[in-house]
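Asker: The structure that follows is given in the form of structure tokens.
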Amino acid sequence: MTLYSSSLLIPLLVVLLSKITLCLAEFRTSFDNITHGQPFQLAWDDVDPKHYPLSVYARLINRTVGSQATGVMMNITNAITTGSTYLWPDVPYPLPYLSTGLYSVEIRSSVADKEGTDAVVLAKSPFFPIFEPRPAGPRTSSRPKAPKGSAVPQDGPETKIIGPTNKLALGLGLGCGIPSAIAMGFLIHVLGKRRAKMLEEKRRKQRFEFVIH
867 MTLYSSSLLI
877 PLLVVLLSKI
887 TLCLAEFRTS
897 FDNITHGQPF
907 QLAWDDVDPK
917 HYPLSVYARL
927 INRTVGSQAT
937 GVMMNITNAI
947 TTGSTYLWPD
957 VPYPLPYLST
967 GLYSVEIRSS
977 VADKEGTDAV
987 VLAKSPFFPI
997 FEPRPAGPRT
1007 SSRPKAPKGS
1017 AVPQDGPETK
1027 IIGPTNKLAL
1037 GLGLGCGIPS
1047 AIAMGFLIHV
1057 LGKRRAKMLE
1067 EKRRKQRFEF
1077 VIH
């Protein structure tokens, strides 16, 4: 596994910078040390009441072979009629959990969706990893279940799957401002580095077992 070279990162940043849109709000939530299967409180700046009801979208990006990447985006809820907070009850459900993946969330105006126009992205988080919880006992299931009473999207797109592609920017989403584009390029580099390290450790372990036998 090779890391992204500067020849790939520069075109990626150019594409992102050419499509940057400024968000109307920012998240007031820290996206550090998020744990798989735990509730997570989202909070963002107040927005104009004309944008309500609000929708929350979650996105997963995972690098596969070479310079390819796959992505999934799902609607977590579109039932936020007041306020500027939402409790994500079971992270990253309904998205699948991948230890090598990067996640992000967006706050959108559901009004734009209903009118058939492009959804207004009000706030967008940086990409962040999700960590496994510390072992506390036997787990009954490795697949997260839908929490009782959780909001279920009723209209609008629920799932968008982005298949393998050589266009690195596809499925990554657009940040709010130039710093997001630069950070995104760095995160892609980190993701590739993490996967390369895992593969190298696996190969080292296989060589060690071969010597023993």
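Residue numbering for the sequence shown follows this note's numbering, beginning at 867 and increasing consecutively. Just so you know, even glycine gets a beta-carbon here, dropped at the ideal spot from N, CA and C. On a predicted model such as this, the values are computed, not experimentally measured, just so you know.
Which residues share a DSSP beta bridge with S921?
Answerer: DSSP, once it has assigned bridges, lists R974 as partnering S921.
Asker: Closest to S921 by C-alpha separation, out of W954, K1059, K1071, would be which residue?
Answerer: If we check each option's Cα against that of S921, W954 comes out closest.
Asker: May I ask you to list the residues that DSSP assigns as paired with Y969?
Answerer: Note: Y969 sits in a beta bridge opposite L926, F994.
Asker: DSSP beta-bridge partners for A909?
Answerer: For A909, which the question treats as bridged, DSSP gives the partners T951.
Asker: By Cβ distance, which residues of its chain are closer than 8 Å to V880, with the 5 residues on each side in sequence left out?
Answerer: In this predicted model, V880 has a pLDDT of only 47, less than 50, meaning its place in the structure is not dependable enough to derive any value.
Asker: Using the C-alpha atoms, what's the distance from S970 back to P992?
Answerer: Answer to the nearest angstrom: the Cα atoms are 6 Å apart.
Asker: Does the region 888-896 come close enough to the region 921-939 to have 3 or more Cβ pairs within less than 8 Å?
Answerer: The answer is no - the region 921-939 does not touch the region 888-896, with fewer than three Cβ pairs under 8 Å.
Asker: Should V931 be labelled buried (16 or more other beta-carbon atoms within 10 Å of its own) or exposed?
Answerer: Exposed is the call here.
Asker: Confirm, please, whether the CB-CB distance from L926 to P962 is below 8 Å.
Answerer: Yes; because the gap between Cβ atoms is below 8 Å, this pair is in contact.
Asker: Could you pull the start and end residues of the beta strand (DSSP E) that A935 belongs to?
Answerer: Per DSSP, A935 belongs to the beta strand (DSSP E) from 935-946.
Asker: Between the alpha carbons of R1070 and A1062, how many angstroms are there, rounded?
Answerer: Those two C-alpha atoms are separated by around 12 Å.
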